[in-house]
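Trainee: Got a structure for you, questions after.
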Amino acid sequence: MQQSIFYLVTILAFAAMLSAFHHFPEAVIFNVFSSLFAALLGYRAYTRWALLLCCINVLAMTFCPLLDSGGWLSLKGAVVFVCCVMFFAIAFGCNNAVTQNKRFYY
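Under the numbering used here, think of the first position of the sequence shown as -17, with each following residue one higher.
Written out as structure tokens, the structure reads:
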């Protein structure tokens, strides 16, 4: 059940990334919420899934034509904030995973 949710969110994020590139630039909003899901996964030490979603979401937010226009400065700030939260949560989750693994060996 858990893996199927990860697959579903990853496939939807990839589809939103592709549609944000070409046909429907507003689909990048799903990638913003998917970034928060990646932050949750990273915090819970699912590092590989979180990094895969992180890569997809950063690509979608970087190349989306909606964010290239000059009038969306507040949206760009929100995207930068979400990316910072995502990367810090993944880093904190990696630290927790390493700490838990050290407890098992000692």
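Note that CB positions come from ideal geometry on N, CA and C, so glycine has one too.
(1) What does the alpha-carbon distance come out to for the pair residue 5 and residue 15?
(2) For residue -9, which residues from the same chain have a beta carbon less than 8 Å from its beta carbon, with the 5 sequence-adjacent residues on both sides left out?
(3) Secondary structure at residue 47, three-state DSSP: helix, strand or coil?
(4) Apart from the five residues just before and just after residue 72, which ones in its own chain have a Cβ nearer than 6 Å to its Cβ?
(5) Determine the contact status of residue 67 and residue 42, defining contact as a CB-CB distance below 7 Å.
(6) Does DSSP classify residue 63 as helix, strand or coil?
Mentor: So, from the listed chains and residues:
(1) The residue labelled residue 5 in the question sits at position 23 within the sequence shown. The residue labelled residue 15 in the question sits at position 33 within the sequence shown. Their backbone Cα atoms lie some 19 Å apart in a straight line.
(2) On the sequence shown, position 9 is the one that residue -9 refers to. Excluding residues within five positions, the ones whose Cβ falls inside 8 Å are 16, 19 and 35.
(3) Reading the sequence shown from its first residue, position 65 is the one you call residue 47. Residue state, collapsed to three classes: coil.
(4) Here residue 72 is taken as the residue at index 90 of the sequence shown, counted from 1. These residues qualify, in order along the chain: 24 and 32.
(5) For the purposes of this step, residue 67 is taken as the residue at position 85 of the sequence shown. For the purposes of this step, residue 42 is taken as the residue at position 60 of the sequence shown. No. Outside cutoff.
(6) Against the sequence shown, residue 63 aligns to sequence position 81. Helix.
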